[in-house]
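Structure first, then comments.
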């Protein structure tokens, strides 16, 4: 048997069989850090981006991304999400935007990938909306902060801020 749940004994990719699992409440939170130039940060603070309210558009895009996770990640199950929230916050001192996504659902499989996809799409949207000002924006540290529910139980990143 393969040590990877998405590979069969011959090494071929398969979708994990979750048919016999019982639904449980699952929640996950992920984050991404987007490093900005001072010029980009100032345009966001002053609301002077020609494309609109960058942070709010990124939050909506992140929610949409979380909902479309199985279309983007090939072996991810289609699940019903009960809740998704995305919050983008600026740190004026560090010149960064912190993006957080929380996903929740009562399902037979976890919602970590939905939270991770949510922050990824939101971060990409920030880049897209601001690349006209500076193409040097970087997306850093996309990671899972915490998850609960399911067979593997609780997880919390050790250095969670």
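Residue numbers (the working numbering): 395 to 555.
Cβ atoms here follow ideal geometry from the backbone N, Cα and C, with glycine treated the same way.
Every unbroken alpha helix (DSSP H) inside the stretch 460-489 [4 residues or more]: 463-466
Three or more C-beta pairs below 8 Å linking the stretch 429-440 and the stretch 461-480: no
Option nearest residue 470 by Cα separation, candidates 549, 412 and 547: 412
Within 9 Å, strictly: CB atoms of residue 478 and residue 498: yes
Contact under 9 Å by Cβ, residue 513 with residue 426: yes
DSSP three-state assignment for residue 407, whether helix, strand or coil: strand
Classification of residue 406 by the beta-carbon crowding that lies within 10 angstroms, buried from 16 upward: exposed
Residue 454 - DSSP class collapsed to helix/strand/coil: helix
Cβ pair residue 541, residue 421 closer than 9 Å: yes
With 16 other Cβ atoms within 10 Å as the buried cut-off, status of residue 395: Caution is warranted here: a pLDDT of 43 is assigned to residue 395, below 50, making its placement in the model unreliable, and no coordinate value can be reported.
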